Amino acid sequence: AFTRPIFRASDWQAYEAVNRKFADTVVAEARNERPIVLVQDYHFALLPRMIRERLPEAIIITFWHIPWPNSEVYSICPWRERILEGLLGSSIIG
Numbered sequence: 148a149f150t151r152p153i154f155r156a157s158d159w160q161a162y163e164a165v166n167r168k169f170a171d172t173v174v175a176e177a178r179n180e181r182p183i184v185l186v187q188d189y190h191f192a193l194l195p196r197m198i199r200e201r202l203p204e205a206i207i208i209t210f211w212h213i214p215w216p217n218s219e220v221y222s223i224c225p226w227r228e229r230i231l232e233g234l235l236g237s238s239i240i241g
């Protein structure tokens, strides 16, 4: 059974803020211009792009642990393009 999720702007803003805080920390902890960064799961879908913007030479590996939704399900997310843009900051996605 599929339960349609409720999308709230305040939840999205909090999600962005958490990803931004993690990006700030990754950049601050980077020891060189080309660090290797491993991003784990949907909690951090925006993180690869945020890191890439500040560390363009970084090797960013993202591992997504859950099945990707089909297009019908994914299309209802108002931030679907932002999520994809975030993930496309990755060097490798698995």
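To convert, take the position in the sequence shown, counting from 1, and add 147; that gives my numbering. In this text, a Cβ means the ideal position worked out from N, Cα and C, and glycines have one as well. Only a predicted model underlies this, so the values are computations on that prediction, with no experimental measurement involved.
Residue i: first and last residue of the uninterrupted alpha helix (DSSP H) it sits in
i: L235; result: Here L235 belongs to no alpha helix (DSSP H), and DSSP marks it neither H nor E.
i: S218; result: 218-221
8 Å contact criterion, which residue i and residue j should meet: CB distance rounded
i: P225; j: F154; result: 5 Å
i: I230; j: A192; result: 5 Å
i: R167; j: M197; result: 6 Å
i: Q187; j: F210; result: 6 Å
i: G236; j: P195; result: 3 Å
Option in the options with minimal Cα separation from residue i
i: P214; options: R181, S222, W159, Y189; result: Y189
i: G233; options: I208, I223, R181; result: I208
i: E204; options: P216, W159, R178; result: R178
(message) Please give the ranges of any alpha helix (DSSP H) in the segment 150-212, keeping only runs that are unbroken, at least 4 residues long and fully inside the region.
(response) 156-176, 194-201
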